[in-house]
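Worksheet for the structure shown next.
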Amino acid sequence: MGIRSWFRKMKKSSTKADLGSAILSGQVALADDNILSSSDIYHYMTAISNMFACGKWEIEDDNGANIKDPDVLKVLNRPNGYLTGFEFKRLMANVYLLNGETFVVKDLNQLHIMKDIQPEITEQAIKRFRYNGYTLYQNEVCQIKNIGVSNNQGVGILDLAKNTLEGVMNAEKALTDKYKKGGLLAYLLQLETHLSPKNTLQNTMVESITCLLEEIQDEGKTLIIPLSKGYSIEGFESPVQDDKILQYLNVYKPELAKFLGFDPDAYNALLKNDLEKAAIYLKSFVVDPFVQNVCEHLTFLFYGADSSKRINLNIDIKKYLTMSQKITNVSSLIRTMAYTPDDGRVDMGLERLNTEESTKLYASKDLVGLDELADLNQSKMKEGDSTG
8 MGIRSWFRKM KKSSTKADLG SAILSGQVAL ADDNILSSSD IYHYMTAISN
58 MFACGKWEIE DDNGANIKDP DVLKVLNRPN GYLTGFEFKR LMANVYLLNG
108 ETFVVKDLNQ LHIMKDIQPE ITEQAIKRFR YNGYTLYQNE VCQIKNIGVS
158 NNQGVGILDL AKNTLEGVMN AEKALTDKYK KGGLLAYLLQ LETHLSPKNT
208 LQNTMVESIT CLLEEIQDEG KTLIIPLSKG YSIEGFESPV QDDKILQYLN
258 VYKPELAKFL GFDPDAYNAL LKNDLEKAAI YLKSFVVDPF VQNVCEHLTF
308 LFYGADSSKR INLNIDIKKY LTMSQKITNV SSLIRTMAYT PDDGRVDMGL
358 ERLNTEESTK LYASKDLVGL DELADLNQSK MKEGDSTG
């Protein structure tokens, strides 16, 4: 059965008319997406996936020159009917970082990210994939994986940092639940009114607060008992010790970034002082290896092993420059004959002038070649002697 008919059959067998998830698996969402509720993980993963998603797809030849292939670029930029190109790239990066691998399925002029595909390598060293009793091959599926010590499976943060993640998320939940419950109790204690079972408005309010309290996981049952005046929230002591939990989080939350491939202390220090250096740091250590991996797999998926064409994702690091840095960089590029003035205008977001002067290359007079340096120094010494 071909991939097209396989997709058609899978969609017909679905109980829902529409696909409920960006990842085609019969599930509404990633089973482990609650990991993103941890602020540090979300912060670092967003930085990585956004940089990747903002990249621009290009097709290159063997020499690295851009060539045209509008059909492939159309698929890459609009991979399917339910995700934009940006969303697809960001989802690809997030799944890769969490699970250590992303399965991309090519269905004629569409791409889909799927779960629950089982990769295997045959005795003939051929890679194939199993899903729901069907067999798929490398011209239909690519497995983009974060290589560890297995040639058949990748490793992600869910595996590498499982114990640390569970500890951090449980600690965060303990603090959140404590203050959620404390806030509701404080509100109840401030009520200066007689609760009457015949008062519909009061009953609705008490029932709503009871439901909110019961949503917070606890060993006991939630009961609201009216008390006489004189009670205060200070009289209730929580077993959750803030200082110890915060000390734990201060140590282990930043450590999670190391499982993503970079040092959070170095990155955060750069982020405060130099956005460009922070972006270059993140790009060099995390994003670039992922980009190369993705591009190699997609090149094989679209063109096969023997093609001279190559898919590339261009990430423009100049986006992270401040205006003053852009001006300095453009000025230096023009002075060293790397840019024409028109090229510099484009970098600054301005239109080309297309004049004779703006399309020329210029060399600054204060730039001297090494072979001319000795003669220049000697002439300056002579000038000094004559004026002295």
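Each residue of the sequence shown is one higher than the one before, counting from 8 in my numbering.
Just so it is clear, CB atoms sit at the ideal spot from N, CA and C, and this is done for glycine as well.
Here's the rule I'm using: 16 or more other beta-carbon atoms within 10 Å means buried, otherwise exposed. How should residue i be labelled?
i, result
"residue 58", "buried"
"residue 52", "buried"
"residue 218", "exposed"
"residue 143", "buried"
"residue 293", "buried"
"residue 128", "exposed"
"residue 345", "exposed"
With a CB to CB cut of under 6 Å and the five nearest residues on each side skipped, what residues in its chain are close to residue i?
i, result
"residue 327", "282, 283 and 286"
"residue 145", "134"
"residue 56", "97, 100 and 101"
"residue 131", "none"
"residue 138", "124"
"residue 149", "111, 304 and 308"
"residue 95", "86"
What are the start and end residues of the beta strand (DSSP E) that includes residue i?
i, result
"residue 110", "108-114"
"residue 144", "141-144"
"residue 85", "That residue, residue 85, is in no beta strand (DSSP E); it is neither H nor E in DSSP."
"residue 67", "63-67"
"residue 360", "Run containing residue 360: none; DSSP gives neither H nor E here."
"residue 267", "It is not in any beta strand (DSSP E) - residue 267 carries neither H nor E in the DSSP assignment."
Which stretch, first to last residue, makes up the alpha helix (DSSP H) that contains residue i?
i, result
"residue 335", "330-342"
"residue 153", "No alpha helix (DSSP H) holds residue 153; DSSP gives it neither H nor E."
"residue 303", "295-310"
"residue 138", "No alpha helix (DSSP H) holds residue 138; the beta strand (DSSP E) holding it covers 134-138."
"residue 126", "Unbroken run through residue 126 is the beta strand (DSSP E), 125-128; no alpha helix (DSSP H)."
"residue 275", "271-280"
"residue 351", "348-354"
Assuming contact is defined by CB atoms lying nearer than 9 Å, are residue i and residue j in contact in what I supplied?
i, j, result
"residue 68", "residue 342", "no"
"residue 153", "residue 140", "no"
"residue 66", "residue 82", "no"
"residue 366", "residue 349", "yes"
"residue 60", "residue 93", "yes"
Identify, in the order they occur along the chain, each residue of the same chain with its Cβ nearer than 8 Å to the Cβ of residue i, setting aside the five sequence neighbours on each side.
i, result
"residue 273", "288"
"residue 302", "317, 318, 319 and 320"
"residue 91", "85"
"residue 332", "283"
"residue 371", "342 and 343"
Within the same chain, show all residues whose beta-carbon is closer than 7 Å to that of residue i, passing over the 5 residues directly before and after it, in chain order.
i, result
"residue 310", "316"
"residue 386", "none"
"residue 32", "Caution applies to residue 32, whose pLDDT of 41 falls short of 50 and renders its modelled position unreliable; the model cannot decide the point."
"residue 1", "Outside the displayed range of the chain (8 to 395) lies residue 1, so it cannot be described from this structure."
"residue 268", "292 and 293"
I want to see whether chain D comes within less than 9 Å of residue i, judged by CB atoms only; does it?
i, result
"residue 162", "Within the model displayed, chain D is absent; a lone protein chain is all it includes."
Can you determine whether any heavy atom of the ligand PLP sits closer than 8 Å to the C-beta of residue i, and answer yes or no?
i, result
"residue 146", "As for the ligand PLP, it is missing from this structure, which has no ligand bound."
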